[in-house]
Each structure stands twice: as structure tokens, then as C-alpha cells.
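**Student:** Residue numbers for the sequence shown follow our numbering, beginning at 1 and rising by one.
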Amino acid sequence: RMAEEQARKKKSKRKGLGGLDPEKKKKLKMFIMCRAKDELVREAKEKALEKENYINSKMPNCQTDSLSEAELIKLCKSLHDVVAKLEEELYDTEQKIRKQDYDINALTLKINDAKGKFIKPVLRKVNKESKFDKLAKSKADFRENLKHKE
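#1: Under DSSP, the alpha helix (DSSP H) around K45 begins and ends at which residues?
#2: Quick check on R85: does DSSP put it in helix, strand or coil?
#3: By Cβ distance, which residues of its chain are closer than 8 angstroms to D133, with the 5 residues on each side in sequence left out?
#4: Taking the alpha-carbon positions, what's the E129 to P121 distance?
#5: Excluding the five sequence neighbours on either side, which residues of its own chain have a C-beta within less than 8 angstroms of the C-beta of V82, listed in chain order?
#6: Within this structure, are the beta carbons of L67 and L79 separated by less than 8 angstroms?
#7: Suppose you measure from the CA of N53 to the CA of I111; what does that come to, to the nearest Å?
Written out as C-alpha cells, the structure reads:
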């Protein structure tokens with residue numbers, strides 16, 4: 001009786017992906033890849049739509065067909081002001097991010113000092129011969145560059 005139970009357990013033992021045969025595994029993987037691809041396409045469309053909506057909200061609609069020269073100049077000046085304002089916001093945001101990165105690095109160093117953990121740089125192996133060759137070459141170059149007195 002015990003032998004029968006152990007035999008049943010061995011037969012019913014599950015392998016990766018629920019004991020599926022190779023054909024079903026392949027179909028399942030293809031299905032998952034198709035779903036992931038569709039999800040990426042959908043996310044890209046959402047990002048593009050969000051970007052377009054943001055740009056439309058920031059920039060006024062321009063109808064230049066029926067405008068006179070003075071109105072065009074006024075429109076150009078207003079657009080220039082909008083662009084200058086947006087560039088200012090961009091610069092402020094970049095500076096804020098740069099300051100935050102600096103603060104994060106400083107705090108990380110403080111934490112490492114407190115813990116006693118330091119990042120050790122990875123050292124390269126250098127052949128002794130090549131090291132001495134470089135030194136000899138630099139000495140030779142130095143001597144060649146000196147002015148000769150006649």
C-alpha cells in the first residue's frame with residue numbers, strides 16, 4: 001500500500017509550469033509575450049496622448065491665416081514669453097533635481113560613514129613590464145624634448 005502511494009506521488013509530482021507538455025508551454029509563453037507586447041503598445045499610446053494633452057494645455061492654439069502683421073508680431077511675442085517661461089521652469093526643475101541628487105549622495109556617504117561601510121574601487125591588474133615600459137617611454141620623451149645646446 002505504501003509503495004502504491006509513493007508511486008502515485010511520483011507520477012503526480014508537478015514540474016515547472018504545472019507539469020505542462022512542451023507544446024502547451026510554448027503556447028503559454030507565446031500568449032504571455034503577446035499580452036506583454038500589447039501592454040507595451042497601449043502604454044506607448046497613453047504616453048503619447050498624455051504628452052500631446054500636456055503640450056496643448058501649455059501652448060495656445062495659433063491661427064495665423066487671417067492675422068495682420070501687427071497681430072502676428074504680438075502673437076510671436078506672446079509665444080516667445082510662453083517659451084521663456086517654460087525654459088525657466090525646465091531650468092528650475094533641473095536645478096532642483098541636481099540638488100536632490102547631491103543631497104542623496106551626501107546622505108549616502110553619511111550613512112556609510114556611520115555604518116563603517118565603504119565602497120572599494122575595483123583595481124585593474126597591470127603587468128609589471130608594461131608599467132616599467134610606460135615609465136621608461138615617458139623618461140625618453142622628456143629627454144628628447146629638451147633643447148640641445150651646441
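Even for Gly, the Cβ is constructed at its ideal location relative to N, Cα and C.
**Tutor:** Put simply:
#1: Numbered from its first residue, the sequence shown carries residue 45 at position 45. Run containing K45: P22 to K58, per the alpha helix (DSSP H) assignment.
#2: Position 85 of the sequence shown, counted from the first residue, corresponds to residue 85. According to the sequence as given, residue 85 is Lys; it is not Arg. Helix at K85.
#3: For the purposes of this step, residue 133 is taken as residue 133 along the sequence shown, with counting starting at 1. Excluding sequence neighbours, D133 sits near nothing in its chain.
#4: Translated into positions along the sequence shown, residue 129 becomes position 129. Translated into positions along the sequence shown, residue 121 becomes position 121. The alpha-carbon atoms of E129 and P121 are separated by roughly 23 angstroms.
#5: Numbered from its first residue, the sequence shown carries residue 82 at position 82. Excluding sequence neighbours, V82 sits near K58, M59 and P60.
#6: The residue given as residue 67 occupies position 67 in the sequence shown. The residue given as residue 79 occupies position 79 in the sequence shown. Their beta carbons are not under 8 angstroms apart, which means L67 does not touch L79 by this criterion.
#7: Counting from 1 along the sequence shown, the entry for residue 53 is found at position 53. Counting from 1 along the sequence shown, the entry for residue 111 is found at position 111. Cα to Cα, N53 sits roughly 42 angstroms from I111.
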